[in-house]
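Numbered by our numbering, the letters in the sequence shown go through residues 181 to 754 in order.
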Amino acid sequence: MTSITSVELNYLVFRYLQESGFTHSAFTLGYEAGINKCTIDGNLIPPGALITFVQKGLQYLEMEANMSNNDVEMDEDFSFLQPLDIITKDVNQLRQMIKEKRKNIQKDKDKDKEKNKDKDKNKDREIDREHEAERGRVREKERHKKEEREKEREKAESNKEPEKQPEELADGDMVMDKEDKDAIGHEENGTSIGQEPMDIATASTQASQEACEIPGSDVTILEGHTSEVCACAWSPTGSLLASGSGDSTARIWTIADGLCKSGAQNSPLNVLVLKHVKGRTNEKSKDVTTLDWNGEGSLLATGSYDGQARIWTTNGELRSTLSKHKGPIFSLKWNKKGDYLLTGSFDKTAIVWDVKAEEWKQQFEFHTGPTLDVDWCNNVSFATSSTDHMIYVCKIGEIHPIKTFAGHQGEVNCVKWDPTGSLLASCSDDITAKIWCMKQDKYVHDLREHSKEIYAIRWSPTGPGTNNPNQQLILASASFDSTVKLWDVELGKLLYSLNGHKDPVYSVAFSPNGEYLASGSLDKSMHIWSLKDGKIVKTYTGNGGIFEVCWNKEGDKLAACFANNTLCVLDFRM
């Protein structure tokens with residue numbers, strides 16, 4: 181008999197968690213079960229394989245329980261069982277349940293037969309009574325007719341009251357008039373109601389999105405990665421675009437100024453391949469999970485599944501390899517000054533690295549679960565978030581957190597300081613986003629309008645202390661409920677709910693001028709929204725789910741990275 185191995189079962193569970201959106205759980209299982217080392221070709225496994233497998237097993241047990249040679253005939257009704265019974269009971273117990281169920285069904289059938297017999301008898305009696313009553317009515321009618329004929333005969337013979345006949349006719353005419361009037365009245369009513377108004381055709385959301393579709397001539401497709409592209413970032417100073425992939429490489433693409441050219445742009449002249457492993461690629465332990473440019477745009481840092489951070493020059497040369505984490509790196513950020521690099525890892529810690537000395541400066545071990553995100557407040561202090569529901573604000577040189585924010589009831593997926601470093605935003609699997617400040621322990625605002633987990637948040641580059649000081653500061657949140665929501669952070673109120681996607685939204689990014697917001701979703705589409713009215717002004721649909729979107733510094737180009745191993749660069753002109 182064919183049996184399933186633990187490796188195969190682990191892979192099915194891993195795929196189920198991925199497909200259900202349990203990203204962190206899938207990651208944890210994949211890491212601990214060594215999914216990257218198994219030889220199963222994921223392309224051969226259909227979606228929903230675990231559910232199908234379990235369902236087949238339930239059906240087999242159900243069939244086995246029903247197919248007994250002793251007391252079950254093939255033409256009998258098939259007896260269905262509850263899934264919980266099938267899982268918790270053995271075959272003999274299930275067969276006994278089916279016997280009892282069939283006995284009860286047979287008893288119910290016998291009772292129904294008796295009831296039907298009684299009903300039939302009662303019906304027969306009722307019918308006899310009705311026939312007798314009908315015969316009585318017929319006899320009564322015949323008697324009345326005879327009496328009427330006798331009266332008519334007497335009237336004809338005597339001929340004493342001939343004037344009554346016109347009255348009878350008149351009565352008949354009156355009845356006819358009334359009937360005609362009723363008919364006319366109905367006709368008039370029908371005319372006055374008339375036909376129902378026709379539905380007025382209105383432009384659908386889909387039609388309006390089609391009208392905003394970015395033409396292929398304004399899109400450059402970057403090909404070369406051999407696995408999903410999960411991260412992308414523009415250099416803050418030049419026309420370089422970095423991408424990180426599950427194929428164990430990061431790439432630096434040189435994007436020409438001016439309009440994009442349609443078609444693929446993958447010649448060796450404009451891309452540098454940063455290999456994180458020698459020899460073969462697609463080794464899962466070397467997935468590039470996150471990347472970030474320093475403020476000058478001269479160095480690119482990458483974080484990998486192997487727990488190492490690497491620093492590269494714009495020429496593609498590996499400058500430093502930073503090793504201390506004991507698990508995959510989930511998040512990594514340069515401080516503004518560019519002298520420190522901050523990393524957060526699955527090993528529950530965050531590490532600040534001295535870039536010049538190429539060594540770790542301080543390791544922060546406060547969380548009890550994997551560190552999911554990190555973000556600098558200034559050059560020496562930062563925030564971390566974790567699966568343990570906690571947020572810690574830490575400072576270089578301090579051995580304890582300088583602030584602890586507790587309030588979330590689920591994994592905290594993302595933390596972001598506002599442009600001035602005074603407010604901290606967080607979002608969680610508990611379906612809320614929250615805003616915190618250093619002056620108080622409890623959140624300033626609790627933002628509760630989403631209906632599923634919130635995956636990402638971003639601050640607008642607006643308000644005091646930014647390049648757009650006269651515009652309102654806004655927070656955007658992206659959720660698995662397929663919506664993006666924009667918040668007034670001063671009042672803690674919802675400004676807009678952007679409802680254009682059909683699947684979870686993984687990424688949002690504000691344009692540098694703060695007038696537009698880009699969103700990328702697993703529905704393969706990227707929408708660009710106007711913040712003036714919350715409407716879509718441009719949209720692009722690719723051939724895979726979108727993991728991240730980002731603007732270049734001028735705000736005239738957008739990049740998006742896809743699950744189908746590609747990136748797209750789009751021209752944005754209004």
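Ideal placement from N, C-alpha and C gives every residue a C-beta, glycine not left out.
Just list the residues that DSSP pairs glutamate 476 with in beta bridges. For glutamate 476, which the question treats as bridged, DSSP gives no partner whatsoever.
Between the beta-carbon of asparagine 745 and the beta-carbon of serine 423, is there less than 8 Å? no
Would you please state the rounded distance, in angstroms, between the beta carbons of serine 566 and valine 532? I believe it to be under 8 Å. Rounded, the Cβ-Cβ distance is 17 Å, inconsistent with contact.
Start and end of the alpha helix (DSSP H) containing glutamine 235? 229 to 246
Give me the residue from His547, Trp540, Pro599 with the minimum Cα distance to cysteine 557. Pro599
Rank Lys712, Ile726, Phe690 by C-alpha distance to the C-alpha of leucine 675 and give the top, closest one. Lys712
Helix, strand or coil, according to DSSP, for valine 560 in the structure here? coil
Beta-carbon gap between threonine 482 and leucine 454 smaller than 8 Å: yes
Using the Cα positions of valine 573 and aspartate 621, report the straight-line distance between them to the nearest angstrom. 12 Å
Confirm, please, whether the CB-CB distance from lysine 466 to glycine 487 is below 8 Å. no
Taking only three categories from DSSP, how would you classify histidine 505? coil
Integer-rounded CB distance, given that tryptophan 639 should sit under 8 Å from lysine 596: 6 Å
Just verifying my parser: in three-state terms, what is the DSSP assignment at glycine 524? strand
Can you tell which of Ser608, His405, Thr501 has the C-alpha that lies nearest to the C-alpha of leucine 747? His405
Backbone CA spacing between threonine 642 and glycine 214 [nearest angstrom]: 45 Å
If we call anything under 8 Å between Cβ atoms a contact, is leucine 209 one with leucine 197? yes
Sorry if obvious, but does the Cβ on lysine 513 come closer than 7 Å to a heavy atom of the ligand SAH? Here there are no bound small molecules, and the ligand SAH is not part of this structure.
Please return the same chain residues whose Cβ sits closer than 6 Å to the Cβ of histidine 155, not counting the five positions on each side in sequence. Nothing can be reported for residue 155, as the shown portion of the chain is limited to 181 through 754.
In angstroms, rounded to a whole number, what distance separates the CA positions of glutamate 633 and glutamate 280? 45 Å
Anticipated Cβ contact below 8 Å, valine 451 with isoleucine 435, distance rounded: Going by Cβ atoms, the distance from valine 451 to isoleucine 435 rounds to 10 Å, so no, they are not a contact pair.
Can you find the residues in the same chain that come closer than 6 Å, C-beta to C-beta, to phenylalanine 660, ignoring five residues on each side of it along the sequence? Gly201, Lys632, Glu633, Pro684
Less than 8 Å between the CB atoms is what I'm expecting for leucine 738 and phenylalanine 752, so what's the real figure, rounded? 6 Å
Report yes if the C-beta distance between lysine 541 and isoleucine 576 is below 8 Å; otherwise report no. yes
Got a sec, what are the start and stop residues for the beta strand (DSSP E) asparagine 142 sits in? Lying before the first or after the last residue shown, residue 142 is absent from the chain, which here runs from 181 to 754.
Run through the DSSP bridge pairs and tell me what alanine 422 is partnered with. Ala413, Ile432
Glutamate 242 classed as buried or exposed, judged by whether at least 16 other C-beta atoms fall within 10 angstroms: buried
Alpha carbon of serine 419 to alpha carbon of glutamine 239, nearest angstrom: 58 Å
Between which two residues does the beta strand (DSSP E) harbouring tyrosine 191 extend? Segment 186 to 199 is the alpha helix (DSSP H) holding tyrosine 191; no beta strand (DSSP E) there.
Pick from Ser503, Ile611, Thr219, Tyr191: whose alpha carbon is nearest that of isoleucine 231? Tyr191
Using a Cβ-Cβ cut-off of 7 Å (strictly less than) and excluding sequence neighbours within five positions of serine 425, which residues of its own chain qualify? His405, Ser407, Glu408, Val409, Cys410, Val468
Cutoff 6 Å; reference serine 205; Cβ partners in own chain excluding five residues on either side: Leu197
Identify every residue that forms a DSSP beta bridge with threonine 646. BP columns for threonine 646 are empty, so no partner.
Out of Val554, Phe544, Thr494, Val560, which one is the CA nearest neighbour of glycine 518? Val560
How many angstroms separate the CA atom of alanine 755 from the CA atom of aspartate 553? The requested residue 755 does not occur in the structure, where the chain is confined to residues 181 to 754.
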